[in-house]
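What follows is one structure encoded as structure tokens, with my remarks underneath.
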Amino acid sequence: VGTLFGNALTDIAARFSDLFRHLLGGGEARLELLEGDSFWDSGVDIVARPPGKKMQSLAQLSGGEQSLTGISLLFACMEVAAVPLAVLDEVDAALDEYNLLRFAALAREYATRLQLIVMTHRRATMERADVLYGVTMSEPGLSQVVGINLEDWR
Amino acid sequence: VGTLFGNALTDIAARFSDLFRHLLGGGEARLELLEGDSFWDSGVDIVARPPGKKMQSLAQLSGGEQSLTGISLLFACMEVAAVPLAVLDEVDAALDEYNLLRFAALAREYATRLQLIVMTHRRATMERADVLYGVTMSEPGLSQVVGINLEDWR
Amino acid sequence: MYIERLRLKGFKSFGGSHDLPFSPGMTAVVGPNGSGKSNILDALAWVLGEGSPMKLRISRQQELLFQGTAASSAAKECDVILTLRDSDRVSTIRRTFSPDTGSVLFHDGQKIRLQDLDEVKRMLRLGGETFAFIGQGEVAETIRQRPLQRRMRLEVLF
Amino acid sequence: MYIERLRLKGFKSFGGSHDLPFSPGMTAVVGPNGSGKSNILDALAWVLGEGSPMKLRISRQQELLFQGTAASSAAKECDVILTLRDSDRVSTIRRTFSPDTGSVLFHDGQKIRLQDLDEVKRMLRLGGETFAFIGQGEVAETIRQRPLQRRMRLEVLF
Ligand SMILES: Nc1ncnc2c1ncn2[C@@H]1O[C@H](COP(=O)(O)OP(=O)(O)OP(=O)(O)O)[C@@H](O)[C@H]1O
Ligand SMILES: Nc1ncnc2c1ncn2[C@@H]1O[C@H](COP(=O)(O)OP(=O)(O)OP(=O)(O)O)[C@@H](O)[C@H]1O
Ligand SMILES: [Mg+2]
Ligand SMILES: [Mg+2]
């Protein structure tokens, strides 16, 4: 594995593990480099275990747990690779109220380092934005965007 | 096409169109029987047009519009085929507040004819149930179900 | 015809015994992420004959068994019993699994094979039952099927 | 580096002209089902070089053009302009499409080819930009990839 990518992967794995524990309130998450005989059998595997549960396959994670794992990996990669912006379309849809608050707080924190544009129906996420846009249909079939004053709205 | 299925398809198409218009507040939805040369190129096609919009492919429908179209078709088929029960796992996740209320009211209405078991995080859906179960982890990793008294909860 | 109650033992995250009576109308199942709501749908699909690992979200049959926690030991077998009521007639469908015996099905106490279950379900007008089981994230999938696939799923109802 | 503003003309449901300044921090886009929120993500992905019909949720390029409504006529071309700011440096990326001319790209007013865009994006540190575009319903997909696919998506970032 190229050293640049190898080093980066170590950093991503460390951040992924931190963010996973932060979002799920415990447990563990790891990235494992699978070294196959050839380039084609190697890859990056994910191991994720929610708090208090036994080790299991990713398919056994619940819908919300899969979203939180995906969000943790995404933010870890964005941070290590210094990706300057992200556009997230309803990534909070499967979260319960408790995990939604943790996600919204994390997005708020990351928005100080990178630009976040999020489409959402969930109030906790809207409330933490710097700018809020409302999209409506000014006539059926024609989209219109209006800025919403967050002070009025909150 | 066998007459039994042919007749049923006509009934399903009629109900699908009614339910679609009811859930989306207008527009049109049709089922079309594609008759190919052989059995293998025939099939049932869906055409759905939200209110005020032009005819377009299903892929252009938004996430919420796709959910509403899927729900309309499902309820139409259940009614015509007299399917006695349905288990719906977070089918309301992509709906905005307005469409959520229409879905919850529809579910309430259908629950007088068939049994509905719904997993949900949305309050409007919970409030219309006859019985409400809360699933928690009594210790991490061990599920526990408790009946919730709807009167207290409302 | 409706599901009167579901009893689970050692099935996925439901270690120990659980007894869930359902309303003949609408029952809502709520709870935090990862608490076990979709596992209830999996239990209902499995006892009614579902065999696809993907639909059951497992990679080995073993994963149907309660894996245990810090305080509770893992289950050696899992057992799901479904009680169905049709006005005054009551019948039960039961499915058990253990690594030694594999999966075993019963209808009203009589052992049956998987292919017999289809006949039982038709009698109970549950013919298309998995038709109306919509897994998490799958509601839009019903309109993304290819026309032939959609036709075949509909024809099985009649 | 951040997106300072996005201008849309005749793109999908955005008939007429629209001008959206974004916050360098967090911008939330809200609105009813079918109002056009995901179409904004499509515009951002398209102007930054996205070419997959599946990702853009179209079956023909034609479907990028505003189809018109009862009161407004259909657009003959669509035009998306992205203004990017990196402290005091500002640059624009523009993409237009019409059935006659096809899709045309510009960087700071100069016409460029699609393959040149990769170099422009690398200069703006947007190399992995579509890496952090998560479409509706796709957040769990990032963990369902096969290990090799995941490795290749990560390597492109470094
Ligand atoms: N065989 C098993 N033994 C013990 N626990 C299991 C087993 N199989 C799955 N689980 C656990 O069940 C949990 C998932 O449950 P489920 O998918 O039902 O959650 P959910 O309530 O639907 O959550 P969400 O709201 O996120 O969809 C996982 O965290 C997993 O650890
Ligand atoms: N070329 C086009 N011309 C006009 N309208 C279009 C065009 N392409 C798509 N649309 C419309 O855009 C709408 C979908 O918009 P979009 O997917 O952005 O909705 P959304 O706000 O994300 O909704 P949801 O909350 O349900 O996800 C569709 O109803 C479709 O009619
Ligand atoms: Mg679930
Ligand atoms: Mg959308």
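As they're listed, the protein sequences go chains A, B, C and D.
Residue numbering for the first sequence follows the numbering used here, starting at 64 and increasing by one per position.
Residue numbering for the second sequence follows the numbering used here, starting at 64 and increasing by one per position.
Residue numbering for the third sequence follows the numbering used here, starting at 22 and increasing by one per position.
Residue numbering for the fourth sequence follows the numbering used here, starting at 22 and increasing by one per position.
For glycine and all other residues, C-beta sits at the position ideal for the given N, C-alpha and C.
None of these values were measured; they are calculated from a predicted model.
Interface flag, phenylalanine 79(A) vs chain D, CB-CB below 8 Å: no
8 Å contact criterion, which valine 208(A) and valine 198(A) should meet: CB distance rounded: 5 Å
Residues in the segment 38–49 of chain C having any Cβ partner in chain B nearer than 7 Å: His39, Leu41, Phe43, Ser44, Pro45, Gly46, Met47, Thr48, Ala49
Beta-carbon proximity check, isoleucine 109(A) vs leucine 96(A), cutoff 8 Å: no
Run of the alpha helix (DSSP H) containing leucine 131(A), from where it starts to where it stops: 126–143
Contact set between proline 120(C) and chain A, taken where Cβ atoms lie within less than 9 Å: By Cβ distance, chain A contributes nothing, its closest Cβ being about 17 Å from proline 120(C), past 9 Å.
Cβ shell of proline 147(A) (< 7 Å), same chain only, five flanking positions each side left out: Leu177, Gln178
Rounded distance between the beta-carbons of valine 181(A) and valine 50(D), thought under 8 Å: 7 Å
Any C-beta of chain F under 8 Å from that of glycine 115(A): Of the chains in the structure shown, none is chain F; the protein chains are A, B, C and D.
Check: asparagine 70(B) C-beta below 7 Å from any heavy atom of ligand 2: no
6 Å Cβ shell around lysine 30(D) - same chain, five flanking residues per side excluded: Ser38, Asp100
Local conformation of proline 45(D) per DSSP, three classes: coil
Residue-level contact to chain A via CB, glycine 204(B), 8 Å cutoff: yes
Listed by chain order, chain D residues near leucine 158(B) by CB distance under 8 Å: Asn54
Expected contact under 8 Å - CB spacing of alanine 157(A) and glycine 126(A) to nearest Å: 5 Å
Cutoff 8 Å; reference glutamate 160(B); Cβ partners in own chain excluding five residues on either side: Ala187
Nearest neighbour of alanine 77(B), chosen from Ser101(B), Leu136(B), Gln119(B) [CA to CA]: Leu136(B)
Near-chain D residues of the segment 134–151 of chain A - C-beta to any C-beta below 9 Å: Ile134, Leu136, Leu137, Cys140, Met141, Val143, Ala144, Ala145, Val146, Pro147, Leu148, Ala149, Val150, Leu151
Helix, strand or coil at aspartate 108(B) [DSSP, three-state]: strand
Any chain A beta carbon closer than 8 Å to glutamate 91(B): no
Below-8 Å beta-carbon distance, glutamate 95(A) vs any chain C residue: no
Per DSSP, the bridge partner or partners of aspartate 159(B): Aspartate 159(B) is not bridged to any residue.
Terminal residues of the alpha helix (DSSP H) in which histidine 128(C) lies: Per DSSP, histidine 128(C) belongs to no alpha helix (DSSP H); it is in the beta strand (DSSP E), 123–128.
Pairwise C-alpha distance: serine 119(C) and glutamate 140(C): 25 Å
Of the listed residues Thr113(D), Arg81(D), Arg146(D), nearest to lysine 132(D) (C-alpha basis): Thr113(D)
Inter-residue CB distance, proline 42(C) and arginine 26(C) (contact presumed, cutoff 8 Å): 5 Å
Nearest-angstrom Cβ-Cβ length linking alanine 144(B) and phenylalanine 179(C), presumed shorter than 8 Å: 7 Å
Where glutamine 83(C) meets chain B, residues with beta-carbon distance less than 8 Å: Going along chain B, no residue has its Cβ under 8 Å from glutamine 83(C), so there is no contact; the nearest lies around 16 Å.
Contacts that threonine 104(D) makes with chain A (C-beta to C-beta distance below 7 Å): What threonine 104(D) touches in chain A: nothing, since even the nearest Cβ is about 13 Å away.
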